[in-house]
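First comes the structure, then the notes that go with it.
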Amino acid sequence: MAYEVKGVVARGKGAPVSIETIVVPDPGPGEAVVDVQACGVCHTDLHYREGGINDDFPFLLGHEAAGIVSAVGEGVTDVAVGDYVVLNWRAVCGQCRACLKGEPQYCFDTHNAAQKMTLTDGTELSPALGIGAFAEKTLVHSGQCTKVDPAAPPTAAGLLGCGVMAGVGAAINTGAVQRGETVAVFGCGGVGDAAIAGAKLAGATTIIAVDISDRKLEWARNMGATHTVNSKESDPVEAIKALTGGFGVDVAIDAVGHPKVFEQAFYARDLAGRVVMVGVPTPDMTIELPAIEIFGRGGAIKSSWYGDCLPSRDFPMLVDLYLQGRFDLDAFVSETIGLEDVEEAFEKMHRGEVLRSVVVLK
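In structure tokens:
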């Protein structure tokens, strides 16, 4: 029996989103239906609406979600009806060359549901990041469901599904921040602030936040930044060197994804330091650096895919840290809203007024 539920759909490039009736099929082999309880409004959803990902309209938006498994298909053994889960968009296959090398966080053949959700007229929907969670129910591959402690409220737990995990993982997994190291984070939106929180969790002693917005720099301090730099008012590279004895930081994280910002991160690191790009550039962007500088500085330049996370390992760990009071997921939630408020949430995001708006469904 298919389900008919309300969901947020982007029908065309740049057009305002609309509330539509979504048809969610019964789960097939390897699939699960999840009753969505909360879903964060991520900048990636706005990218979909603006046609910045692809043009496979209409999109069923939403992907930073937590909820309860309400049905499973044939052969599903990893989750069961009633499980409390956070949804992820990189369900590992276990068979590709990355998985077989013991590096499933780099899986090259991740799973999504085989069936399509549709509008009532049969029009197939493209779910954002294979999830589509601005809806009362959604259909996913069972591997996209990660069980976590149900004591964590869905408004907090769901944020691990994308932006928070990307930022924390950029610091802990990709950047491998160690106790006593120095870190600079460029861009203090949701991902950048999560990188700051991750650096704090890892034991960094100096965490420098860089942004052009004083409001965002204040958010960064609340997440654990020890110093802030407004790059409209001063050269961030020189400011970072001044705060680190003239050397630069051990780890510089670009959470913006712009060539100029990446260049600043590159020059703000110490010799043998690490540069991490977790911000998403557009396809037309290029970076040009002197080869001798790349060689002469040593260290590493890395990109971070989803914080190089393994959801089955990292989501439960971060939820446990949250429940212990050591990782404040609630601090990322600027407001809770309904499905009908998503369009306005995009506008608030664009104006830099919120860290995260979170849609509450149940």
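If you're matching positions, the sequence shown starts at 1 in the UniProt record's numbering and goes up one per residue. Quick reminder that beta carbons are idealized off the backbone N, C-alpha and C, glycines included. These figures come from a predicted structure and were not determined experimentally.
Which of helix, strand or coil DSSP assigns to residue i
i    : result
M277 : strand
L354 : Before going on, a small fix: residue 354 reads as Val here, not Leu. If DSSP states are grouped into helix, strand and coil, V354 belongs with coil.
G143 : helix
G189 : coil
N54  : coil
A151 : coil
H258 : coil
Q264 : helix
R269 : strand
K13  : coil
N230 : strand
I212 : coil
V319 : helix
V237 : helix
D250 : strand
T206 : strand
A98  : helix
A114 : coil
S18  : strand
L60  : strand
V164 : helix
G40  : strand
E74  : coil
E335 : strand
L329 : helix
A176 : coil
L310 : coil
When the options are compared against residue i, the one with the closest alpha-carbon
i    : options                   : result
H258 : A268, K241, A242 and M277 : M277
T174 : G198, A151, P154 and G180 : G198
G130 : E218, T120, L271 and I53  : I53
A2   : E50, S70 and V8           : S70
A209 : R215, A225 and T120       : A225
G279 : C42, P27 and K147         : C42
D78  : I294, S312, E263 and P150 : S312
G75  : G7, I196, C145 and P29    : P29
A166 : A156, G325 and S304       : S304
I68  : D330, K147, R215 and D250 : K147
L323 : V359, L355, G51 and D149  : D149
D328 : M285, Y306, A152 and V183 : A152
D56  : Q115, G73, A10 and Y84    : A10
F247 : V261, S234, E233 and A272 : A272
L339 : V275, V359 and V333       : V359
L321 : G158, L201, V191 and I196 : L201
S213 : Q115, E103, L355 and L119 : L355
S357 : G73, D45 and P283         : D45
Y84  : M349, K6 and A157         : A157
Per DSSP, the bridge partner or partners of residue i
i    : result
Y3   : V24
L125 : Partner(s): none; L125 has no beta bridge.
F346 : BP columns for F346 are empty, so no partner.
S303 : M277
T138 : V34
V86  : A66 and T146
E218 : Answer by DSSP bridge pairing: none, since E218 is not bridged.
V183 : I207 and V251
A91  : H111
Rounded C-alpha distance that separates residue i from residue j
i           : j    : result
E288        : H47  : 26 Å
G82         : L100 : 32 Å
E31         : T205 : 44 Å
R49         : E136 : 20 Å
D121        : D211 : 46 Å
A133        : C39  : 6 Å
E124        : D35  : 20 Å
residue 381 : P281 : One cannot answer for residue 381 here, as it falls past the ends of the chain, which runs 1 to 362.
G245        : Y267 : 15 Å
I337        : K362 : 11 Å
A300        : P27  : 44 Å
A80         : L310 : 20 Å
D330        : T155 : 8 Å
M285        : Q264 : 16 Å
R297        : D270 : 8 Å
M317        : R326 : 11 Å
M117        : Y106 : 27 Å
G352        : A345 : 10 Å
K302        : P290 : 17 Å
D193        : Q115 : 36 Å
Cβ-heavy atom distance, residue i to the ligand NAP, below 7 Å
i   : result
G94 : Summarising the ligand content, the structure contains no ligands, and the ligand NAP is consequently not present.
I'd like to know if the region 139-146 and the region 99-113 are in contact, where contact means that at least 3 CB-CB pairs between them fall below 8 Å.
yes
Sufficient close CB pairs (3 or more, under 8 Å) joining the region 6-17 to the region 150-170
no
So does the region 167-183 actually touch the region 89-101, counting three or more Cβ pairs closer than 8 Å?
no
With a threshold of 8 Å, are at least 3 pairs of Cβ atoms found where one atom belongs to the region 75-89 and the other to the region 46-65?
yes
Count Cβ pairs between the region 250-270 and the region 181-200 that sit closer than 8 Å; are there 3 or more?
yes
Just checking, does the region 216-223 make contact with the region 234-243 on the three C-beta pairs under 8 Å criterion?
no
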